[in-house]
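Oh and the sequence shown: position 268 is 266 in this note's numbering, straight run, nothing missing.
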Amino acid sequence: MNTDTLSGQMIVREAEPLNIEMSFRTLDSLITPSERFFVRCHFPIPEIDVKTWRLKIEGSVEKPLALSYTELRQMESRTLTATLECAGNSRASLTPQPKGTSWELGAVGNAEWTGVPLAAVLERAEMKASAVHVIFTGSDQGEIAEPPRPAGEIQYSRSVPCDKALKDVLLAYQMNGEELTPAHGFPVRVIVPGWYGMASVKWLERIIVSDTPFTGYFQTIDYAFWDRRDGLPERVPITEMRIKAEIARPHIGEVVPAATAYRMHGAAWSGDAHIMTVDISDDAGATWHAARLLGSFMPNAWQLWEHTWQTPAQPGRRTLMARATDSCGHAQPSQHDDDCGSYLVNHCLPIEVEVR
Ligand SMILES: Nc1nc2c(c(=O)[nH]1)N[C@H]1C(S)=C(S)[C@@H](COP(=O)(O)O)O[C@H]1N2
Ligand SMILES: [Mo]
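Listed below in structure tokens is the structure:
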């Protein structure tokens, strides 16, 4: 990645393993260009020789497979647009600042993915009726630093239940019409539409069909939260993206001229549902005004929005917020849910600006 040409557009959170986010204030298109799409890696990026690479499909299947890259490319392909948000995006807005990568607003992007539907591969392998989960493992591996942790190096892995696996999961080899870059999972990655990014396993190497739910490290210890049933907290894996609107401009700390018409804009998304409304507040949530949704609804893709803000005549600090609702009746909460730890940060995020 050429960081020179990206100056101002990307923020490096960690160089090794690579963790970079888009500077969200630079949002200017429905499709995020690949070089501006955030990168989230737990381990070093593996080097993969596509000539010897095989995608193994095993476990609860009648016909285990080992597909070459050429064989996969020969299968019928599909292209879909999907927003991926890292489950830890916007962690930087929590106080006190929790452990973990301090993502601001840019660990999210919307790209066009091309590949083979997982359903077609599972059909070819003849998945057994007893199957309940499909596990994906990446070629990357490393040691977990914080306990509780398994001993030694582990591979990145995650699963989806079979109904999701058959519905719309894609084994993608292209992003925005070009081969995946090494950082985004070359040669093949999983795309789980509507789910937080952790499910979309990069550098895919093995698909294991399982007769029991998967309870791996990145499924139960990391990328999990406390959900309450009958008042009792239960550890459950993070799955669908929660509804969220983010403001691209103005950005935190921006100086905005008094008594002018300012074009506020940003994006909003929600797992499986579509965005119905985005409202804007310029008084920390006391009053709200409807923003305009731009373009038409696309399943699993974010929705851009804009709002003409009549800035106050009075100079001083102002706290802006955006709040979305979706077609399933979800609305953003006003506070972060502490049962989610430092994940699923989808409350109305305050953007403090200075009117001058
Ligand atoms: N093999 C592998 N897959 C992975 C990860 C990883 O570290 N290793 N990170 C996950 C996380 S947490 C996210 S948010 C997305 C990010 O995808 P991107 O780097 O293409 O933006 O990849 C997911 N897939
Ligand atoms: Mo993530």
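Every residue gets a Cβ at the ideal spot worked out from N, C-alpha and C, and that includes glycine.
Keep in mind the model is a prediction, meaning the values are calculated, not measured.
So is P146 buried or exposed if we call it buried at 16+ other beta carbons inside 10 Å? In the sequence shown, counting from the first residue as 1, residue 146 sits at position 148. P146 comes out exposed.
In chain order, what residues of the same chain lie with their CB nearer than 8 Å to the CB of P255, ignoring the 5 residues before and after it? Taking the sequence shown and counting its residues from 1, one reaches residue 255 at position 257. If we look at P255 and ignore the five residues flanking it on each side, its Cβ neighbours are T309, V353 and R354.
Classify H263 as buried or exposed, calling it buried when 16 or more other Cβ atoms lie within 10 Å of its own Cβ. Here the question's residue 263 lines up with position 265 in the sequence shown. By the 10 Å Cβ count, H263 comes out buried.
Presumed contact (8 Å Cβ cut-off) between G98 and S340, rounded CB distance: Taking the sequence shown and counting its residues from 1, one reaches residue 98 at position 100. Taking the sequence shown and counting its residues from 1, one reaches residue 340 at position 342. Between S340 and G98 the Cβ distance is about 5 Å, and since that is below 8 Å, they are a contact.
Whole-number beta carbon distance between P248 and L302, since they are thought to touch under 8 Å: In the sequence shown, counting from the first residue as 1, residue 302 sits at position 304. In the sequence shown, counting from the first residue as 1, residue 248 sits at position 250. Incorrect: roughly 16 Å between the Cβ atoms, too far for contact.
Is R38 close to ligand 1? I mean its beta-carbon at under 7 Å from any heavy atom of the ligand. What you label residue 38 is simply residue 40 of the sequence shown in a count that begins at 1. Flag set: Cβ of R38 near ligand 1.
Range covered by the beta strand (DSSP E) that runs through D324: For this step, residue 324 is matched to residue 326 along the sequence shown. Taken as a continuous stretch (DSSP letters only), the beta strand (DSSP E) holding D324 covers G314 to D324.
Exposure of G195, with buried meaning 16 or more beta-carbon neighbours within 10 Å: The count along the sequence shown starts at 1 and reaches residue 195 at position 197. By the beta-carbon neighbour count (other beta carbons within 10 angstroms, threshold 16), G195 is buried.
Taking 7 Å as the cut-off, is the C-beta of Y154 nearer than that to any heavy atom in ligand 1? Translated into the one-based positions of the sequence shown, residue 154 becomes position 156. Within the cutoff, so yes.
Of the residues T285, R11, F36 and E60, which one's Cα is nearest the Cα of M20? By one-based count along the sequence shown, residue 20 stands at place 22. Sorting T285, R11, F36 and E60 by C-alpha distance to the C-alpha of M20 places F36 at the top.
Counting only the same chain and skipping the five closest in sequence on each side, list residues whose C-beta sits under 6 Å from that of T275. Numbered from its first residue, the sequence shown carries residue 275 at position 277. Its chain contains T323 as the residues whose beta carbon lies nearer than 6 Å to that of T275, once the 5 sequence neighbours on both sides are disregarded; these appear in chain order.
Identify the residues that DSSP records as bridge partners of S208: which are they? Walking along the sequence shown from the start, residue 208 turns up at place 210. In the DSSP output, where bridge partners are listed per residue, S208 has H131.
Out of N344, W300 and G327, which one is the CA nearest neighbour of S27? Taking the first residue of the sequence shown as 1, we reach residue 27 at position 29. Cα-wise, what sits closest to S27 is W300.
Starting from R122, trace the alpha helix (DSSP H) both ways and give me its first and last residue. Position 124 of the sequence shown, counted from the start, is the residue given in the question as residue 122. DSSP places R122 in the uninterrupted alpha helix (DSSP H) bounded by L116 to R122.
Rounded separation between E173 and K126 - CA only: Numbered from its first residue, the sequence shown carries residue 173 at position 175. Numbered from its first residue, the sequence shown carries residue 126 at position 128. A quick correction: the sequence has Met, not Glu, at residue 173. Rounded to whole angstroms, M173 to K126 spans 31 Å at the Cα level.
Near ligand 2: C84 beta-carbon under 7 Å from a heavy atom: One-based indexing of the sequence shown puts residue 84 at position 86. C84 Cβ: within cutoff of ligand 2.
Where does A149 sit, in a helix, a strand or coil, going by DSSP? Position 151 of the sequence shown holds residue 149. Collapsing the DSSP output to three states places A149 in coil.
For K165, the first and last residue of its enclosing alpha helix (DSSP H): Residue 165 sits at position 167 when you count from the first residue of the sequence shown. Residues C160 to K165.
Can R52 and P115 be called in contact, C-beta distance under 8 Å? Against the sequence shown, residue 52 aligns to sequence position 54. Against the sequence shown, residue 115 aligns to sequence position 117. For R52 and P115, no; Cβs fall outside 8 Å.
T68 - containing alpha helix (DSSP H), residue span: Looking up residue 68 in the sequence shown gives position 70. Counting along the chain, the unbroken alpha helix (DSSP H) around T68 starts and ends at Y67 to Q72.
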